[in-house]
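Under my numbering, residues 15 to 697 are what the sequence shown spells out, in order. The beta-carbon is built from N, C-alpha and C at its ideal position, and this holds for glycine as well. Notes follow once the structure below has been shown.
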Amino acid sequence: MLNAQLINPKSIVVIGASNDVRKPGGKMLKNIIDGGYKGGLYVVNPKAREVQDIPSLEDVALLPEVDLAILAIPAAYCVEAIRALLEKGVKAFIIISAGFSEATEAGRRVEQQITRLVDEAGASLIGPNCIGVLNRYYHGVFTTPIPMLDPKGCDLISGSGATAVFIMEAGLSLGLKFNSVFSVGNGAQTAVEDVLEYMDLHYDPETDAPVKLLYLETIKDPQKLFKHASSLIRKGARIAAIKAGVTQAGSRAAASHTGAIMTSDRIIRALFKKAGIVYCSSREELLSVASIFNYKQLKGPNIAVITHAGGSAVMLADALSKGGLNIPKIEGPWTEKLLTYLHDGASVSNPIDFLATGTAEQLGIIIDYCEHKFEEIDGMIVVFGSPGLFDVENVYNVLSVKLDVCTKPIYPVLPSVINARKEIQGFLEEGHINFPDEVVLGTALPQVYYTTPPVEEEVPLPEVDQVAIRRIIESAESGFLDNKRCNKLLEAAGIPIVKEFMFTERTAFEAASNGFPYPVVMKVQGPLHKTEVGGVVLDIQSQEEAIYYFDKLMQIEGVKGVVVQPMLTGLELYVGAKREEGFGHVVLCGLGGIFIEVLQDVQATLSPVSQEEAVGMIEGLKGRRLLDGYRGGPIVDVASFVDIIRRISALVEAAPEIMELDINPLKADDKGITAVDARIAIA
Numbered sequence: 015m016l017n018a019q020l021i022n023p024k025s026i027v028v029i030g031a032s033n034d035v036r037k038p039g040g041k042m043l044k045n046i047i048d049g050g051y052k053g054g055l056y057v058v059n060p061k062a063r064e065v066q067d068i069p070s071l072e073d074v075a076l077l078p079e080v081d082l083a084i085l086a087i088p089a090a091y092c093v094e095a096i097r098a099l100l101e102k103g104v105k106a107f108i109i110i111s112a113g114f115s116e117a118t119e120a121g122r123r124v125e126q127q128i129t130r131l132v133d134e135a136g137a138s139l140i141g142p143n144c145i146g147v148l149n150r151y152y153h154g155v156f157t158t159p160i161p162m163l164d165p166k167g168c169d170l171i172s173g174s175g176a177t178a179v180f181i182m183e184a185g186l187s188l189g190l191k192f193n194s195v196f197s198v199g200n201g202a203q204t205a206v207e208d209v210l211e212y213m214d215l216h217y218d219p220e221t222d223a224p225v226k227l228l229y230l231e232t233i234k235d236p237q238k239l240f241k242h243a244s245s246l247i248r249k250g251a252r253i254a255a256i257k258a259g260v261t262q263a264g265s266r267a268a269a270s271h272t273g274a275i276m277t278s279d280r281i282i283r284a285l286f287k288k289a290g291i292v293y294c295s296s297r298e299e300l301l302s303v304a305s306i307f308n309y310k311q312l313k314g315p316n317i318a319v320i321t322h323a324g325g326s327a328v329m330l331a332d333a334l335s336k337g338g339l340n341i342p343k344i345e346g347p348w349t350e351k352l353l354t355y356l357h358d359g360a361s362v363s364n365p366i367d368f369l370a371t372g373t374a375e376q377l378g379i380i381i382d383y384c385e386h387k388f389e390e391i392d393g394m395i396v397v398f399g400s401p402g403l404f405d406v407e408n409v410y411n412v413l414s415v416k417l418d419v420c421t422k423p424i425y426p427v428l429p430s431v432i433n434a435r436k437e438i439q440g441f442l443e444e445g446h447i448n449f450p451d452e453v454v455l456g457t458a459l460p461q462v463y464y465t466t467p468p469v470e471e472e473v474p475l476p477e478v479d480q481v482a483i484r485r486i487i488e489s490a491e492s493g494f495l496d497n498k499r500c501n502k503l504l505e506a507a508g509i510p511i512v513k514e515f516m517f518t519e520r521t522a523f524e525a526a527s528n529g530f531p532y533p534v535v536m537k538v539q540g541p542l543h544k545t546e547v548g549g550v551v552l553d554i555q556s557q558e559e560a561i562y563y564f565d566k567l568m569q570i571e572g573v574k575g576v577v578v579q580p581m582l583t584g585l586e587l588y589v590g591a592k593r594e595e596g597f598g599h600v601v602l603c604g605l606g607g608i609f610i611e612v613l614q615d616v617q618a619t620l621s622p623v624s625q626e627e628a629v630g631m632i633e634g635l636k637g638r639r640l641l642d643g644y645r646g647g648p649i650v651d652v653a654s655f656v657d658i659i660r661r662i663s664a665l666v667e668a669a670p671e672i673m674e675l676d677i678n679p680l681k682a683d684d685k686g687i688t689a690v691d692a693r694i695a696i697a
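If you want it as structure tokens, here you go:
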């Protein structure tokens, strides 16, 4: 948790500060002094009488009342120091020292002890193992750079101190501004989502920084992250985030198709998407997204690429197209008119290439045409560097003016960081931000454009038979439910299921087989993965075939019986759900049958699933065209697919005991969708 004493302390003590500014405690104190801190500033160092012109106290007991204590002492001494400081009434702590849970088991126990002491006192703790806090009130970090803070700059919250420094260094070189930096380190008490909570609860859109950048190594409370991120975005803030460490989830035992494809990365993407957070894969992409946030918002998908470098334009166009943005061909009488202002050989069809000899005046004219004449254009990207032959300051001056006066967003790519270093610096000093790499921008811009707003706070779900669902769940034991219970749950959720008959004895099967609605499907009950043991037989046309396959299927190890179903036709679809600790249930949809594991063309979101989310999931499938009857295939009733996805969400909301759920396949055509096979595990 954060409190006023940590955010805006009236007094600070640095425990372990020294005159050696190459050490963390010494550099911490120097940064606080150089930052012009106005409150009371104290030092505790028994080995020195004076530290950086501040009288040094031998012991914590000699301190007056202090708001914030910053500890730069070995981990082994921190518990004793915290106890003494709490007795003096300190209510906020930053521990920059390492050697805690990130290092050893003994360090973990010390960290837990400190956290317990701080919690019991109702105090606030940042760290340990962090670089500190940097804000408008004090520069409480031991690192550089220390940027010139801007109230409308970015708030950066990072689980890694080093990564926070790297992000600041790279961001400043682009012209990005920062308002505050919170490095939470091990997050013993205060994690990234706790800082975000504080920012949400105290957010004023008139005065607070609108852009929040997150670097997450762990998410201790996903629901808190979702709640406060989505709340901030509804208030007008914009958030981009990196979640590191998303590739190890495959080590989990996968008992179902859903378990096999539900990677940590999918879960994080689902959480971010539902909250309205832009997902980033690297620091470079995070900074590019932050830079995009600082320009006018793109209102449509059509981009004009304006350049004097053909190769860069091609790479940029490729990146934009891969992300789903358009570089539409520009035609008509206005293009002919525009060409009259350009040198021979220029092209205006889009990309608009006005050649290496292009001038500032020509750039201004092109931008004006894109702003006023070419109505189909929603935004512009200008790529303009320098071969070192002439001064490009006039070009960048024109660009600077157009950025301010145009209503359509313009994104400047100024790649000549050596040849045009002086001119770029002047451009940045005007308050603009540079994108030095066109492909990074081309990758990030679609991510921003296609990130949807947060879902509504209350999501209405289809009505399901809650009483029947609870009765089935409460009467079952943990593990995979039998076929009958699975079908009853789907019926209670309002999901159409295929009629089927279960047989365990040959005599009963033989007697009934004369009345089967051939063709039929026969499949075993017992083995978890039926196809892997040869336990599914399709398109059985006669009683003779049915009896033959019954005998064969009953010989498979672990078989408890054979289920017979009518042979349905249609496109195979899939819907699933999985409960994830802290996240709730993740709901998935995609193409069914064997393609679910081979192609993994799935979309995921967190439950509860809104109508808009379900539609978006389906539209996001790579195989979406198959649902429209591609090459003579069955046309799928998409509205029914949306309804089933939402009914699965309603089912898991009614039965949170469901651990994993697979409906694979669903047989779909224009008449409707029917569940053919389902597996449900509860705990």
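Which of helix, strand or coil DSSP assigns to residue i
i      : result
GLY167 : coil
HIS322 : coil
ALA268 : Because the pLDDT of ALA268 is 37, which lies under 50, any placement of that residue in the model is unreliable, and the question is left without a value.
HIS153 : strand
ILE21  : helix
HIS599 : strand
THR457 : helix
ILE687 : strand
PRO593 : Before going further, note that residue 593 is Arg rather than Pro in the sequence given. Strand.
TYR91  : helix
GLU64  : strand
PHE107 : strand
ILE47  : helix
TYR56  : strand
PRO236 : helix
SER70  : strand
Pair within 8 Å by beta-carbon distance, residue i and residue j
i      : j      : result
THR518 : LYS574 : yes
ALA682 : PHE655 : yes
ILE658 : LEU495 : no
VAL198 : CYS144 : yes
ALA689 : PRO510 : yes
ILE733 : LEU301 : Examination of residue 733 is not possible in this model, given that the chain is present from 15 through 697 alone.
VAL578 : ALA591 : no
ILE424 : ILE381 : yes
ALA178 : SER138 : no
MET536 : TYR563 : yes
ASP367 : THR421 : no
MET42  : ILE84  : yes
ALA333 : THR465 : no
PRO236 : GLY596 : yes
Assigned exposure category for residue i - 16 Cβ within 10 Å defines buried
i      : result
VAL616 : buried
LYS416 : buried
ASP73  : exposed
GLU220 : exposed
ILE696 : buried
ASP48  : exposed
VAL419 : exposed
MET162 : exposed
Residues that residue i bridges to, as DSSP identifies them
i      : result
ALA251 : DSSP output for ALA251 lists no bridge partner at all.
PHE517 : VAL576
GLY39  : Paired residue(s): none; GLY39 is not in a bridge.
LYS226 : ASP169 and ILE253
ALA692 : ILE677
GLU546 : Partner(s): none; GLU546 has no beta bridge.
TYR588 : GLY604
ALA83  : VAL27 and PHE107
ALA682 : LEU585 and ILE687
PRO365 : Note: PRO365 sits in no beta bridge, so no partner.
SER295 : The partner list for SER295 (beta bridge, DSSP) is empty, contrary to what the question assumes.
Residue-level contact to chain D via CB, residue i, 8 Å cutoff
i      : result
LYS502 : The structure shown contains no chain D; it is built from a single protein chain.
For the segment 372 to 444, which segments carrying the beta strand (DSSP E) assignment without a break, of at least 3 residues, lie completely within its bounds, in sequence order? 393 to 397 and 424 to 427
Going along the chain, which unbroken runs of the beta strand (DSSP E) with 3 or more residues stay wholly within the segment 605 to 675? 616 to 620
Where are the beta strand (DSSP E) runs, 3 residues long or more, that stay fully inside the segment 172 to 208, in chain order? 192 to 197
Uninterrupted beta strand (DSSP E) stretches inside the segment 478 to 541 (no shorter than 3 residues): 515 to 517 and 534 to 539
What ranges does the alpha helix (DSSP H) occupy inside the segment 109 to 152, keeping only unbroken runs of at least 4 residues that lie completely in it? 119 to 134
Minimum length 4: unbroken alpha helix (DSSP H) runs contained in the segment 321 to 351: 324 to 336
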